[in-house]
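Right, one structure below, let's go through it.
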Ligand code: DAH
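Residue numbers (our numbering): 7 to 384.
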């Protein structure tokens, strides 16, 4: 049954537009990349990208009511001015190079980020918006890079506000968002540089045993405020952020390869359900099988996730493909934290039997109380 794009007419429209665009010596967009334009897979409700997008939209609706306008479906064909110039990119910024960017001609390109719409959306009078879209970059080919991916841009203007108000509100807003998406996680703000914000930061979270960069953000640069028609003389201030949907979806759903987002293989598409984050079950010649294990922490501070991972690896060896935290809650009466981990078993060379996997899982359960004395199996 696969999934279908929302509307094929908009796809045809944009494909026609692409065909009729003037091309010059700068033209460097291959057919396979252009073919993705208008697919709008982020709008499919049961697609992992669509699920994340809706979750974030839902979060903003819940916490901010109608304050933020949701914008999507804008054409990814933009001008050099929109993508770079008005955003304050220096003339020799490497991002402008056709090594990094897909051009139709010297003036028109496939947007490399949703920031390309910031100024236009501000100009149209919007004071707070989230903008989602497909973005295009020439890059290396590996499990986490693909020439087409998706971003969400957020902007909020504080009429009469100052930059410290913006910074405070920005950080609070984004911390709340990641807690909602990932469960309560440890976070850190890293100083960063973007031409269109000042100051700028990246937000990192500690998730599944590593620091993960989830977004870039900052206080909107005065030059962008001016270009967007928001007078800074009146003491206005604004914040902005941008995040990559694939990066979030890959960790939340456990999707190992970014190419999977584009597959129409039913073994992928049939796994996901609207409004639900589930762990991707890999398919390959040799099937994987997962087993969940849940336990209460008697003393939250004496539990180190690393210890649990190591225990599983010690027992399961190379038959353990991954260990992921799938649930995490605090018991309402005992106040004890409960964790549920999903252990994914798979051999790269043969089919595992149920008995074999059950034996491994039993061995993990049996070893847990001694290896981690501060946990109680559920
Ligand atoms: N456009 C940036 C990128 O693609 C992400 C970003 C960073 C967007 C900071 C923003 C921002 O709005 O304020 O890497």
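Note that CB positions come from ideal geometry on N, CA and C, so glycine has one too.
Query: Sub-8 Å separation of residue 321 and residue 369 beta-carbons; Result: yes
Query: Run of the alpha helix (DSSP H) containing residue 172, from where it starts to where it stops; Result: 169-188
Query: Buried or exposed (CB count within 10 angstroms, at least 16 for buried), residue 210; Result: buried
Query: Element boundaries [alpha helix (DSSP H), containing residue 70]; Result: 54-70
Query: Residue 273 versus residue 266: straight-line alpha-carbon distance, rounded; Result: 10 Å
Query: Cβ separation of residue 304 and residue 382, assumed to be a contact under 8 Å, to the nearest whole Å; Result: 6 Å
Query: Residue 43 versus residue 97: straight-line alpha-carbon distance, rounded; Result: 28 Å
Query: Residue environment, residue 196, which counts as buried when at least 16 other CB atoms sit within 10 Å; Result: exposed
Query: Residue 99 Cβ short of 7 Å to the ligand DAH heavy atom set; Result: no
Query: Proximity test, residue 292 beta-carbon vs the ligand DAH heavy atom, cut-off 7 Å; Result: no
Query: With 16 other Cβ atoms within 10 Å as the buried cut-off, status of residue 22; Result: exposed
Query: Segments assigned beta strand (DSSP E), at least 3 residues, entirely inside the region 328-357; Result: 343-351
Query: Assigned secondary structure, residue 384 (DSSP; H/G/I helix, E/B strand, else coil); Result: coil
Query: Same chain, Cβ closer than 6 Å to residue 92, five either side skipped, listed in chain order; Result: 125, 233
Query: Same chain, Cβ closer than 6 Å to residue 346, neighbours up to 5 away in sequence not counted; Result: 298, 300, 332, 333
Query: The region 161-179 in contact with the region 212-227 per 3-pair CB rule at 8 Å; Result: yes
Query: Counted within 10 angstroms of its Cβ, other Cβ atoms place residue 62 as buried (16 or more) or exposed; Result: buried
Query: Cβ-based neighbour list, residue 187, same chain, cut-off 6 Å, excluding 5 preceding and 5 following; Result: none
Query: Beta bridge counterpart(s) of residue 210 as assigned by DSSP; Result: 194, 219
Query: Residue range of the alpha helix (DSSP H) that includes residue 235; Result: No alpha helix (DSSP H) holds residue 235; DSSP gives it neither H nor E.
Query: Candidates 39, 133, 140: closest to residue 236 by CA position; Result: 133
Query: Burial state of residue 253 (16 or more Cβ within 10 Å); Result: buried
Query: Option in 135, 103, 275 with minimal Cα separation from residue 72; Result: 135
Query: Of the residues 131, 269, 194, 282, the one placed nearest residue 258, counting alpha carbons only; Result: 282
Query: For residue 246: DSSP bridge partner residues; Result: 161, 224
Query: Residue 247 Cβ short of 7 Å to the ligand DAH heavy atom set; Result: yes
Query: CA-to-CA distance, residue 288 to residue 262, given in whole angstroms; Result: 8 Å
Query: Burial state of residue 170 (16 or more Cβ within 10 Å); Result: exposed
Query: Residues near residue 363 in its chain [Cβ-Cβ closer than 6 Å; skip 5 each side]; Result: 295, 351
Query: Collapsed DSSP secondary structure at residue 314 in the structure displayed; Result: helix
Query: Ordered list of alpha helix (DSSP H) runs contained in the region 266-303, each at least 4 residues; Result: 272-275
Query: Separation of residue 120 from residue 48, as counted between CA atoms; Result: 14 Å
Query: Three or more C-beta pairs below 8 Å linking the region 97-114 and the region 74-86; Result: yes
Query: Backbone CA spacing between residue 36 and residue 152 [nearest angstrom]; Result: 13 Å
Query: Residue 223 CB to nearest heavy atom of the ligand DAH below 7 Å; Result: yes
Query: Contact check, residue 277 vs residue 284, beta carbons under 8 Å; Result: yes
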